[in-house]
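Trainee: Following numbering that gives the first Met the number 0, the numbering of the sequence shown begins with 0 at its first residue and continues without gaps.
C-beta atoms are modelled at their ideal positions from N, C-alpha and C, and glycine is treated no differently.
To start, I am sharing the structure in question, which I have written as structure tokens.
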Amino acid sequence: MKRTMTSSNGPPGALAMPDWQAGSALTAAKLELEQRYLLQRGRRHLRLVHGWGVVCGLNVVPVAGSGGWEFLVCPGYGVGPCGDELLLNRQLAFNLRDFLWTRPMDIYSEEAWVQLEAAEMASDYEPRGSQGCGCGCGCGCDDGMQTAGLADLPRITIAWVRPAVVFAGGTLCSGRPLPCPVCPESCALTLGSIALPRS
């Protein structure tokens, strides 16, 4: 009897994947498991082989005449600390005032750190079928449409304390294998800091 390796019975850090067999059922759960497996492999490759950081672009620039509150993140490409690809193919505008409510009460820093993190947004819709969820709450689940496709669109986040820089230690010149870098607490890629306007 062939045993399927999963993350619960495989070695530590092993990624679970479906064991496709002729005649086995093609289920949503197996397809989701395979998708998670492929995404995690890609993230692990980017993080461990190529490293993480800004590859090109992703400059944070102030909008003239905004009093220091409005900014643009320019198009560019980066790899997040957890291996997420961050492709921004158009300018992304944000207003720092929109994030002030996220500032902890006990933080008195005069700086904010602009970060970019992986996110998805609905890009396509399809009919739900004959029935919605039936809740009648006005949440949109009864409108007869459901998400059919997602698109990568990184989103801006703000950190109110200086993000920790994770350094694995060692150099290529040491002659010894380098230690594997660990994932930091946040998967957001820090792009730069902004001094808060005095107003």
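1. With a threshold of 7 Å on Cβ separation, who are the neighbours of A194 within its own chain once the five nearest residues in sequence on each side are excluded?
2. Would L95 and C179 be called neighbours here (beta carbons separated by less than 8 Å)?
3. DSSP state of E109, grouped into three classes?
4. On the DSSP letters alone, give me the boundaries of the beta strand (DSSP E) that G56 sits inside.
5. So V78 and V54 are supposed to be a Cβ contact under 8 Å. How far apart are they, rounded?
6. Going by DSSP, name the residue or residues bridged to P80.
7. Assess contact between the region 33–43 and the region 76–93, defined as three or more Cβ pairs (one per stretch) separated by less than 8 Å. Is contact present?
8. What are the partner residues of E119, as DSSP defines its beta bridges?
9. At the level of alpha carbons, what is the spacing between S192 and W19?
10. To the nearest angstrom, how far is the alpha carbon of P61 from that of E69?
11. Which of the three DSSP states, helix, strand or coil, is assigned to L86?
12. How is G64 classed by DSSP in three states: helix, strand or coil?
13. Do V113 and L177 have their beta-carbon atoms positioned less than 8 Å apart in this structure?
14. DSSP beta-bridge partners for P180?
15. L32 lies in the alpha helix (DSSP H); which residues open and close that run?
16. Using the Cβ count rule (16 or more neighbours within 10 Å means buried), how would you classify W100?
Mentor: Inspection of the coordinates gives the following:
1. By 1-based counting over the sequence shown, the position of residue 194 is 195. Result list for A194: E109 and E110, in chain order.
2. The residue you call residue 95 lines up with position 96 of the sequence shown. The residue you call residue 179 lines up with position 180 of the sequence shown. Not in contact: L95 and C179 (Cβ atoms no closer than 8 Å).
3. Here residue 109 is taken as the residue at index 110 of the sequence shown, counted from 1. Residue state, collapsed to three classes: coil.
4. Here residue 56 refers to the residue found at position 57 when the sequence shown is read from its first residue. Counting along the chain, the beta strand (DSSP E) containing G56 begins and ends at G52 to G56.
5. Here residue 78 is taken as the residue at index 79 of the sequence shown, counted from 1. Here residue 54 is taken as the residue at index 55 of the sequence shown, counted from 1. Going by Cβ atoms, the distance from V78 to V54 rounds to 7 Å, so yes, they are a contact pair.
6. If you number the sequence shown from 1, residue 80 lands on position 81. Bridge partners of P80: none, in fact.
7. yes
8. Locating residue 119 in the sequence shown gives position 120, counting from the first residue. For E119, which the question treats as bridged, DSSP gives the partners D151.
9. For the purposes of this step, residue 192 is taken as the residue at position 193 of the sequence shown. For the purposes of this step, residue 19 is taken as the residue at position 20 of the sequence shown. If you take the alpha carbons of S192 and W19, they lie about 48 Å apart.
10. Reading the sequence shown from its first residue, position 62 is the one you call residue 61. Reading the sequence shown from its first residue, position 70 is the one you call residue 69. Straight-line Cα distance between these residues: approximately 6 Å.
11. Sequence index remark: in the sequence shown, residue 86 carries index 87 (1-based). Residue state, collapsed to three classes: strand.
12. Locating residue 64 in the sequence shown gives position 65, where the first residue counts as 1. G64 falls in the coil class under three-state DSSP.
13. What you label residue 177 is simply residue 178 of the sequence shown in a count that begins at 1. What you label residue 113 is simply residue 114 of the sequence shown in a count that begins at 1. It is not a contact, given that the beta carbons lie outside the stated cut-off.
14. Taking the first residue of the sequence shown as position 1, residue 180 is located at position 181. Bridge partners of P180: none, in fact.
15. Here residue 32 corresponds to residue number 33 of the sequence shown, with the count starting at 1. Looking at the DSSP string, the run of the alpha helix (DSSP H) that includes L32 is A27 to H44.
16. Walking along the sequence shown from the start, residue 100 turns up at place 101. By the neighbour-count rule (16 or more Cβ atoms within 10 Å), W100 is not buried but exposed.
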